[in-house]
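The sequence shown begins at 18 in the numbering used here and counts up by one.
No residue lacks a Cβ here, since even glycine has one placed at the ideal position from N, Cα and C.
Only one structure is covered here, and it is reproduced in the block below.
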Amino acid sequence: MDDAGSVGIGAGSESPIEHAPRSDARHREGARPCFPIDGKDAKFRPAPTPQRSLVHHLHVHPANPFMAVPFLSRPRRARRPSRSRIAAPGIPLALALFALLPATAIQAQTAGMAPEDLYGVIGVAEPRISPDGARVVFTVARVAEDARSRERSIWITPTDGEPEPTRLTDGPSDSSPRWSPDGARIAYLGHDSEERIQLHLIAASGGTPTPVTALRQGSISSFEWAPDGARILLTLNLDPEVGDPLVEPTEPDGPVPDIVVVRDAVYASDEAGYLDEGRKHLWVLDVESGSLGPLTPGDPAWNDEHATVSPDGGRVAFVRDASGEEYDGGFDRGLWFLALDGGTPAALDTPAGRIEDPVWAPANDRVVYRFTPERYARPHLYLHSLVGGPRVRLTAEVDRRPENLLFHPSGGHLYFTADHQGTHPLYRLALDGSGATPLFGEDGAVSSPTISADGSMLAFTYENELYPPEIWVADAEGRQPRPLTRFNDDLVAGIDLQRLEELRFQNPDGFPLQGFVLRPHGFEPGQSYPLVLNIKGGPGGMWGSRWFPEFHMLAAAGYGVAFVNYRGSSGYGHRHMDAVRRDYGGADATDNLLFLDQVLARHDWVDPDRLFVTGGSHGGFLTAWLTTRTDRFRAAVPQRMVSNWISEAGTQAFPPRAMQDEFGGTIWERFDDYWGRSPLAHAPQVKTPTLVIHSTDDRITPIGQGQEWFYALRALGVPSEMVIFEGESHALSRTGRPVNQVERIRRIIEWFDRWDERP
């Protein structure tokens, strides 16, 4: 780490050294954890918190300590020791803030979070800062009155915080706001009078929106303004045989059979169901006339995606698999270029592998993209000159998967976000390959960063375990961060939430592991409590300092909650993430049981005879798998699970190649591995009362997986029930109908309560 606070994100993040518990670190006065360097623990750097900032914030928001704590104890890149006059040495800053609050503000927050509180959560997303940096446009989603959908509209707010955010559109399904280059108008996607999704324009000052497309066939996947403001680049999902998407489809003669014709290995997706013949290709829209012309001819063999216009408006970069193997599970994707005025696309000469998320350098002479040489390999960012010169790897020292790539307008550096040890910070990346510097979000999660045209201000969403995502702004170095929106103030002020407590340990294979514990609501020292081991899905991905209300609801019901980012999770380096491949039910299950033992050893309030387990997707598989290995759990709730890898391989939405990579071969080549790692093969060992939760429209782990497990348990006489959510997909817990999301949590709590014997 240099004096400016720059750190590399390298293999040192997998150091076997046990770190100090994060719960202590995050409540130390103004401190924030930094990345370990060269296998050693990083130090904590205090951050000054001016008293006048605290007093002003508490005056404006006197009844909301949960806003005060996360917003004013936010980590900053400190360069000198803290001189805070609020919290005395050794007293957590959070406690000092609570001491300044009126007693009624604290006493009002006595209730934990109930499942029904989900109805009050307001979703804030998709921020886009105006070119002049004066305003941010974003989306707001609220639960509809019938609790069966969410109504989404476009809002706008000034970056100086005055006046309050205002609503621009009426919804109910508006999304993807994008500023025109001059900042006068905003384009977005929304329904027309016939309930078709069209591209609309609205003045930034408000008024009546105007549809600028009139699609009769196909759909808009994405769009981007050209720098001249006269054209918009569209990515349309359209049947390649359709010549004009503005023409109504021809009605067939006679009755139409209800069939799906499958010609490809990839023929379904989770939320879309069975796929049609549509493919994604590029079109150019003239904003004033509404005329629409094809830029890349429709070809049924591939998609054109990740399209972005060069800063000078001359060219378009996009991603394509020209091999024709995309729908048979092909992995490779190349980077292509084409003049915005049309012509013949040309491919960039790159090694075999997958290119994603290209972004242009401001000078038009270079592009940066994420490149992965093969499935399950470590991804890297590359800087590729378009005027000659070598391809430069930017992330040799960054053992993470960069997302949300964003160039600074000067062209001098890049921004990205990435999972890191339970958090998802914003980073600045040098273009010389020297590494990345964390700017903001090391105790939460940043997403959707966007920057003003002069490069002086960033806007993004930020969340942590205490507060849902809201819109934030900061300067270009991540300093002076502050929230622009507070849509969820009333919700958070009325419920009692608490921070996660970190638990680190090293498993016998030398992997350092990080888990978290949430104490039950109303916790009293000296009392014993039941504990839920909540197993995350994936196995990729990561849990940690994000808004995840399920944990708080279980805690409010009287349960402690524990979860670990076991081997296979992201945020801990590629070696950690790849360690579970071809070992499902091995390393991942071992880490969860080792973690549970660590929780019991370090938290004497946990009653070892009152343990429960649940999880979804890969976590659902592991939930069932653990009940075939141990009887230590009083009850289990596997959700959207896999019970039989053989039937899963042939019915899921992914192509055969994906499963072959995961298991090292086909079903007939590796039959013993597929079957031996299936919970169904070991069902006679299960004694744990089990509630199976599954959805009818799940294409990732089809409902047969839950049905097979329920059938086996009933045949064996194991106490069991199954709850089926009709019309829901694999994403029920994330994007399902609100009423069903609430019911899912209710059912889990009720099942655990049924099998818990409380003193």
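Asked                                                                                                                                                                          : Found
So residue 144 is in the beta strand (DSSP E); what residue range does that whole segment cover?                                                                               : 140-146
Sort 459, 659 and 536 by Cα distance to residue 725 and report the nearest one.                                                                                                : 659
Starting from residue 532 and walking both ways along the beta strand (DSSP E), at which residues does that stretch end?                                                       : 529-535
Quick check: the Cα distance between residue 182 and residue 558, rounded to an integer number of angstroms?                                                                   : 33 Å
Can you give me the C-alpha to C-alpha distance between residue 173 and residue 206, rounded to a whole angstrom?                                                              : 16 Å
Leaving out the 5 sequence neighbours to the left and right, which residues in its chain are closer than 8 Å to residue 345 when beta-carbon positions are compared?           : 281, 282, 283, 672 and 674
Just to confirm the assignment, what range does the alpha helix (DSSP H) spanning residue 691 have?                                                                            : 688-693
If you compare alpha carbons, which of 519, 743 and 524 is closest to residue 533?                                                                                             : 519
Alpha carbon to alpha carbon, how far is residue 204 from residue 186?                                                                                                         : 11 Å
Among the residues of its own chain, which have a CB less than 6 Å from the CB of residue 350, if the five just before and after it don't count?                               : 336, 338, 371 and 372
Using the Cβ count rule (16 or more neighbours within 10 Å means buried), how would you classify residue 457?                                                                  : buried
Counting only runs of 3+ residues fully inside the region 197-248, write out the beta strand (DSSP E) ranges in chain order.                                                   : 202-208, 214-220 and 236-242
Under DSSP, the beta strand (DSSP E) around residue 609 begins and ends at which residues?                                                                                     : Counting along the chain, residue 609 falls outside any beta strand (DSSP E), though it belongs to the alpha helix (DSSP H) covering 604-619.
Can you find at least 3 beta carbon pairs, one from the region 737-746 and one from the region 662-671, that sit closer than 8 Å?                                              : no
DSSP puts residue 491 in a beta bridge; with which residues?                                                                                                                   : 475
Going by DSSP, what residues sit across from residue 300 in a beta bridge?                                                                                                     : 251 and 311
Can you list, in chain order, the residues of its chain with a C-beta nearer than 7 Å to that of residue 161? Leave out the 5 residues immediately preceding and following it. : 167 and 168
According to DSSP, residue 655 sits in a beta bridge with which residue or residues?                                                                                           : 632
Helix or strand or just coil, what does DSSP make of residue 135?                                                                                                              : helix
Could you check which residue in 425, 228, 678 and 382 has the C-alpha nearest to that of residue 597?                                                                         : 678
May I ask you to report which of helix, strand or coil DSSP gives residue 668?                                                                                                 : helix
Report the rounded CA-to-CA distance for residue 497 versus residue 578, giving the unit in angstroms.                                                                         : 34 Å
Hey, how far is the Cα of residue 515 from the Cα of residue 482?                                                                                                              : 8 Å
What does a CB cutoff of less than 6 Å around residue 740 pick up in its chain, not counting 5 residues either side in sequence?                                               : 710 and 764
At what residue ranges does the region 542-572 contain a whole run of the beta strand (DSSP E), taking only runs of 3 or more?                                                 : 546-552
Looking at residue 644 and residue 146, is the spacing between their C-beta atoms short of 7 Å?                                                                                : no
Where does residue 276 land, buried or exposed, given buried means 16+ other C-beta within 10 angstroms?                                                                       : exposed
What residue range is occupied by the uninterrupted beta strand (DSSP E) comprising residue 518?                                                                               : 518-523
Return yes when the Cβ of residue 295 is within less than 7 Å of the Cβ of residue 320, no when it is not.                                                                     : no
Would you please state the rounded distance, in angstroms, between the beta carbons of residue 683 and residue 653? I believe it to be under 8 Å.                              : In fact, because the Cβ distance is near 31 Å, the residues do not count as touching under 8 Å.
If you follow the beta strand (DSSP E) that residue 728 is part of, which residue opens it and which one closes it?                                                            : Taken as a continuous stretch (DSSP letters only), residue 728 belongs to no beta strand (DSSP E), being part of the alpha helix (DSSP H) at 720-732.
Taking buried to mean at least 16 other C-beta atoms within 10 Å of its own C-beta, is residue 544 buried or exposed?                                                          : exposed
Check the C-beta distance from residue 473 over to residue 150 and give it rounded, since I have them as a contact under 8 Å.                                                  : 6 Å
Are the CB atoms of residue 274 and residue 235 within a distance shorter than 7 Å?                                                                                            : no
For my contact list, residue 409 and residue 452 are in at a C-beta cut-off of 8 Å; report their separation, rounded to the angstrom.                                          : About 14 Å separates the two Cβ atoms, so there is no contact after all.
Three or more C-beta pairs under 8 Å: does that hold for the region 632-639 against the region 611-620?                                                                        : no
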